[in-house]
Structures are given as C-alpha cells and as structure tokens.
Amino acid sequence: MSIKKILLVLVIVATVIALPLINRSVFGVDGKEVEVATIAQRVISPSILASGFLAHEEEVLLSSEIIGKVAALYVEEGDRVKKDQLVLQVDDKNLLAGLEQSEAAVRLNTIDIERQEVRIDNMRRQYERTKSLYERDMVGDEEFETIANQLALAEIDLKSSRERLLQAKAQLEQVLDQLSKTQIVSPLDGVITSLDIKVGETAIASSTNIPGSSLMTIANPESIYVEVLVDEADVANVALGQRAEIVAIAYPDQPMEGVVRYIANTAKVEQGRQGLTFTVKIDITDPGGVVLRPGMSSRAEIFTRQDQEVAAVPIQAILFEEDRSELRSEYFIFINDGGVARKTRVEVGLSDDEYQELTTTIDRDVEIVVGPNRELRHLLDGDRLDATRLEYSAPTSE
Amino acid sequence: MSETEVSGKSPVPAEQSPVSLAINVLTAPSAAFSVIKEKPTSLFPLAVVILSTLLVTGWYFTVLDFDWYIDDTLSQLSDRSEAELEEIREGMEFLSPNNMRWITLVTSGLSLMMIYLIQASYLSLTAALRGDEIRFKQWWALVAWSNLPAVLLALSMAVNILLNPSGQISIVDLNGLSLLALGMETADPSINRILATVNLPTIWTLVLLVIGYRLWLQAGLARSVSIIFTPYLLIYGVWTFFAVS
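Going down the list, the sequences are from chains A and B.
With the numbering used here as the guide, the letters of the first sequence map in order to residues 1 to 398.
With the numbering used here as the guide, the letters of the second sequence map in order to residues 1 to 245.
Following this line, the structure appears as structure tokens:
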C-alpha cells in the first residue's frame, strides 16, 4: 500500500474532522431564539385559592311544634314574605273544640265562685247576728259554733273554687298556645327558598329528618355570602377586609368582587378533605351579572396583600434549583450578556400568577431572558442567544 | 486517476488485507472492486460501518439532554394539535433515555442491513435483466464496500458530539456532512429537511457504485450513472415535488 493512499485517507479524515469546526467559524453557532425584557415595576397581587359554596347568612328552617294535617299553604317557593306573615295553617278543629271546653270550664268556675261568695256573705251576716245573740246569752254554745264552723267551711270551699278557676284558666292558656302553633309565620323578611310540604300532608313535630318534619326554608336573599374552606397553611395570610375575587362554577367567566368578613377560630376536618381547614366567609360586594343561588359551588381567590408596585419579572423567567442532599434551594435568572446567556442567582419576593418580585437589585437596563419556556427550560450558562426584546415589559410606572 | 479508469482487460488482482482493500476502495476503487469481484467478502466493511454507526449513536444517546430532545422533537411537529403533542410527549417520556438508545441502536442496525439488501437486490435485478451472470453475493459485497464512506459520517457525528458537551444537539445537526450543514440552507424549511438527508458520504457511495457497476458489467458511464442514480433521483424528486407543492 502506497504512502500516498494512506496520506489521502488521512487528509479525508482530517477534512471530515475539520469541517464542523470550519462550519462553526464561517457560519457561527446558531443562538437560541429567546425573548428578553428589562426589569419593571409591577403590581403584584399574591393570592390564595379556596373553594366552597354560596350560602345565606339569614336562613331559617321552619318546622311544626304540633302534629297536624296541613290545612292551608299561603306561599309558594320563591315567594317573598314579610316578618310575622302567615305562611302555613295546620288543621285546628280539635284544638278549637278544646278551646270551647276550656273557656266553658273557666266560665263555670267563675260562676261557682260568685255563688260561693254570695253564700259566704249571707253566712257572715248570720254569724254576726248569732254572735251578738250569743254574747247576750240568747243562744247556746252549740248553735254559735255550728254557724262559725259553716262559715269557715264556706270560705275553704271558695278558696278551692278559686284554685279550680286558675287551673281552668291555665288549661285555656295551654289550648290557646297550641292553637297559636297551628299558624306558622315567617320569622324574618325573605324568600321561600325551599317548600317541603303540601296541603293535606301531616306536619310532624320532630327534629329528625323525616318527611313532614321540615315545612319550608326562608332566607334573606340580601344576606348571601360565600363560604370557603382555607387550608391551614394559608390561613395565616388571610385577614378581615381583604379583597377577594369569586367565581361561581355556573358562571366561570363572570368573576364577582367580595370582602373577607369572617375567619373561623377553630380548624375542622371537613367531609371529603384530609387536611385541616378554616371556614372563611366572604361578603359579595359586586355580584355583577351573576344570579346568586345558595348552594352554588364557588371558588374564591383571596388577595392576601394589598396591591403594591415592586420590581418584578415574568414568573417563567425565574428558575428554581434544589439540592436536597445539601439542603440548598436557589433561584436563578438568565441575563443577556452581549448575546451570551449568563446564569445569575437572585432572591425573590412576592409572586402572583404572572409575575415574581425580585428583591435582588438588578440594573434597569439589564436584559433578562423571559421566554419562551421551551428554550428557558434548557438554557445553560454560556449558551449563545438570538434575543428579541419584548416591548410589553416596559415599566408601568416609575 | 488511473485506478478509476475502466478497462475491459482487468489484471488478475492480488489478494489484499481488509484494511488495504478499504483504503483502496476510498482511494483506488477500480482496483479494489476487481479484487472484490473475484473474492466477494463483506464482513469487514459491514462490521466497520455498523459498529461505528452504532457506537456513535449509542454515545449520542448517552450524552443527550433527553428533556431537550423531547421538546426539540415536538417543536418539529408544528402541524399537530396540542392534545396530540401532549400524547406524543407522554409517549416519549415513558421511554427512558436508555430504552430510547437501545431502540435506536436496533432500528439503526436493521435499517442499514435493509438498505444494503435493497441496493444489492436492485443491482442484482438490473444485471440479471441485462443477462449478466454476477451473483447476489458479489453485489452484496459491492454494496457493503461502497458504503464504507459512511464511516466518515460516523466520524463527523462524533466530532459534533464533542463540540456540544451540553447534549443539546439534534440528530439532524449531528450530521456535519449534509448539504444543509455545509451551508446550502434555503429559506424553505421543507427543502432544508431534504438537504439534511443528502450528505457527502452518500454521494461518494453512489459514485463508488457507479464505478463498480461500470467495471463489473463493462457498461457505459451514462448507463451506469442512470442505473445507480435513478432510484435516488426518483425518491428525492417525488419528495421535493411534495415539499414545494
């Protein structure tokens, strides 16, 4: 084999090795196409999310205190009612008969007392006359004692009759009270949100959840609010008066405005949840076009800090690295150093869905790589950049 | 070069070592093909090409940034919907880099053998139609030795792997000898995709096949070129037609 051939092969191999190097020097290395922006003052609104439902603050569940057939219903579901308005009548025929009986008993006892009083008056006069004769020895001891004894017995009978009258009056009161309970009235101004009984059905005096024990639900529509369950890890950030944005599941595109009114003191494990949660009530200040109905599933975003302007960058520009073995976690950004990516460690502050506060001081003219995410994910220190400046990231205010 | 000139009176070739034969295929193909026709061995070129290709491919998947690779692959599929892309991503993430490496190695090896088989069968068929009595084993040997420049492709890939230690390089960019990598980039991405598959070692292989075919069958240059290049021109012609239309 000639040396020439070997040299030729070596030249070919050397050319193949050199070609990529020449290619790089002639055409350069393609920079990664990234978007850059400068740091800007932005409003950061950190928030927490919680889910729950709409409920009425003023809501009563009416039930009957007596057992009886429903004689009349004066309302329908959805009707507005006033406080003390009659809404339902339980059949009172038996109670009316009892009323008559009790009233008659009172009257009979009254008459009996009157008769006894007349009789006692008469006996007192007889007693006085007999006493006068007895003092003058015109009647004997026996006759005088008999008259005195009869007067004392008559007075005891009168006392007894008066007690019977009181007893009859008490029975009358009892019947009147029972009778009053046949008329169910609304305890508040509101709307019938649920009507659970019909005319002819039997209202049952019971606290158990059996048919007939619940008559209707009346709620004040003005008192509707959102009740959400806030995770115990987040509750420390929630305070009364904080602004909230509420979205009812039925109206996903119509957020409502609200204000935190109540935070529960005690955490509970709610059904269907594993962790401890605190009940938080949010008043709806602006329902917008949403037709509020109690029970609607809702989601609330509670803004835990009032709107403030801070130095911030889009959240995707912040990269997080964690080394659990060294208990180290750090945040980084990439800055555009003359077309080369430079990995820079930063400290971060508040964040919302779009932006993160940078507490590390960064010059306002430094370009930070903010996207696209597919490039940012794989960007390395020293990578060449083909940067496009984003205009929207200009400061919103100075 | 005198070695590449075709002569009807070939001297009886002396037996050569596989390495000498390989160097001759690259530098003096006519003399080398005369030897190969008489003694059609194919183990050495097959082993060199397949092993070098598999080694470089295996190395590539060892240093590859797999997450970047998935994103880069998906970015090529701009015509797919988000749901389809997510489905493909889940499928790719299911494959670990190790599985991907083995799948690629196996398919690369099988693909090479399949291409050799098709080329040898095609040459055997065209020769048989002409009435020439050259055995399939000889055509297989010609194809195997003619594909020896593919080693240079593996070498180029290895250089590019070394130049990109981050592992963020696509298979397309790995090929430093493609017409696309050599600066023939156009404004049309479809054409660029075609240019990325045409590389210097492949052209060299076709030229070697023309020389071998012409030498073995004593055929004219035009006929040899047309026989060897026609399938490729057809494939790339149809591809280009659909790419530009």
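Glycine included, each C-beta is placed from N, C-alpha and C at the ideal position.
Where does residue i sit, in a helix, a strand or coil, going by DSSP?
i: Met-184(B); result: coil
i: Thr-388(A); result: strand
i: Gly-78(A); result: coil
i: Gln-254(A); result: coil
i: Leu-112(B); result: helix
i: Val-260(A); result: strand
i: Leu-297(A); result: The question names Leu, yet the displayed sequence has Ser at residue 297(A). Residue state, collapsed to three classes: strand.
i: Asn-199(B); result: strand
i: Ile-249(A); result: coil
i: Gly-8(B); result: Low per-residue confidence applies at Gly-8(B): pLDDT is 44, beneath 50, and the placement is therefore not dependable enough to give any value.
i: Thr-285(A); result: strand
i: Ile-184(A); result: strand
i: Val-238(B); result: helix
i: Ala-154(A); result: helix
i: Leu-379(A); result: coil
i: Thr-202(A); result: strand
i: Val-290(A); result: coil
i: Val-139(A); result: coil
i: Val-48(B); result: helix
i: Leu-457(A); result: As shown, chain A starts at 1 and ends at 398. That puts residue 457(A) outside it, with no answer to give.
Suppose the cutoff is 6 angstroms on Cβ atoms and the five residues either side in sequence are ignored; what does the same chain contact list for residue i look like?
i: Pro-187(A); result: Val-60
i: Ser-223(A); result: His-56, Glu-57, Glu-58
i: Ser-124(B); result: Phe-136, Trp-139
i: Leu-10(A); result: none
i: Glu-321(A); result: Glu-330
Tell me, please, which residues DSSP counts as bridged to residue i.
i: Ala-40(A); result: Ala-312(A)
i: Lys-32(A); result: Leu-385(A)
i: Asn-23(A); result: BP columns for Asn-23(A) are empty, so no partner.
i: Gln-356(A); result: Val-313(A), Ser-351(A)
i: Lys-268(A); result: Thr-277(A)
i: Thr-217(A); result: Leu-61(A), Ser-194(A)
i: Leu-73(A); result: Leu-88(A)
i: Arg-345(A); result: Phe-332(A)
i: Ile-368(A); result: Ala-37(A), Ile-335(A)
i: Glu-322(A); result: Ser-329(A)
i: Val-230(A); result: Phe-278(A)
i: Ile-228(B); result: According to DSSP, which records beta bridges pairwise, Ile-228(B) is partnered with nothing at all.
i: Ile-302(A); result: Ile-48(A), Ala-244(A)
i: Val-402(A); result: Here chain A comprises residues numbered 1 to 398, so residue 402(A) is not present and cannot be evaluated.
i: Ile-224(A); result: His-56(A)
How about residue i and residue j: are their beta carbons less than 9 angstroms apart?
i: Leu-350(A); j: Pro-20(A); result: no
i: Lys-181(A); j: Ser-102(A); result: no
i: Val-32(A); j: Thr-27(B); result: With the sequence shown as reference, residue 32(A) is identified as Lys, and Val is not the correct amino acid for it. For Lys-32(A) and Thr-27(B), no; Cβs fall outside 9 angstroms.
i: Tyr-122(B); j: Pro-40(B); result: no
i: Ser-51(A); j: Leu-276(A); result: no
i: Leu-285(B); j: Ile-134(B); result: The displayed coordinates of chain B run from 1 to 245. Any statement about residue 285(B) would go beyond what the structure contains.
i: Gly-412(A); j: Ala-317(A); result: For chain A, the structure presents residues 1 to 398; residue 412(A) sits outside this window and is missing.
i: Val-139(A); j: Thr-130(A); result: yes
i: Val-369(A); j: Ile-315(A); result: no
i: Val-16(A); j: Glu-375(A); result: no
i: Leu-380(A); j: Lys-343(A); result: yes
i: Thr-202(A); j: Lys-82(A); result: no
i: Ile-12(A); j: Leu-77(B); result: no
i: Leu-88(A); j: Ile-218(A); result: no
i: Thr-285(A); j: Gly-258(A); result: yes
i: Tyr-262(A); j: Lys-281(A); result: yes
i: Leu-144(B); j: Pro-45(B); result: Correcting the residue type first, residue 144(B) is Ala in the shown sequence and not Leu. Cβ atoms of Ala-144(B) and Pro-45(B): closer than 9 angstroms.
Taking 7 angstroms as the limit between beta carbons, can you name the residues of its chain near residue i, skipping five residues before and five after?
i: Ser-146(B); result: Thr-205, Leu-208, Leu-209, Gly-212
i: Arg-164(A); result: Asn-109
i: Thr-304(A); result: Pro-46, Ser-47, Ile-48, Asn-237, Val-238, Gln-242
i: Ile-66(A); result: Val-90, Gln-178, Lys-181, Thr-182, Ala-205
i: Val-198(B); result: Ser-178, Leu-179
i: Asp-231(A); result: Gly-275, Thr-277
i: Leu-105(B); result: Leu-54, Thr-57, Gly-58
i: Pro-395(A); result: With a pLDDT of only 42 at Pro-395(A), under 50, the local geometry of the prediction cannot be trusted, and the value read off the model is given with reservation. So the qualifying residues of the chain are Ala-40, Gln-41.
Can you list, in chain order, the residues of its chain whose CB lies under 8 angstroms from that of residue i, leaving out five sequence neighbours each side?
i: Leu-99(A); result: Leu-172, Val-175, Leu-176, Leu-179
i: Glu-347(A); result: Tyr-331, Leu-358, Thr-359, Thr-360
i: Ala-243(B); result: Asp-188, Ser-190, Ile-191, Arg-193, Ile-194
Between residue i and chain E, is there a C-beta pair that is closer than 9 angstroms?
i: Gly-183(B); result: Judged by its chain identifiers, the structure shown contains no chain E, and its protein chains are A and B.
Can we count residue i as close to the ligand NAP, meaning its CB is less than 8 angstroms from some heavy atom?
i: Leu-358(A); result: As presented, the structure is devoid of all ligands, the ligand NAP included, so that no description of it is given.
Mind listing, in chain order, the continuous alpha helix (DSSP H) runs of no fewer than 4 residues lying wholly within the stretch 105–186 of chain B? List check, alpha helix (DSSP H) in window: 136–146, 150–163, 171–174.
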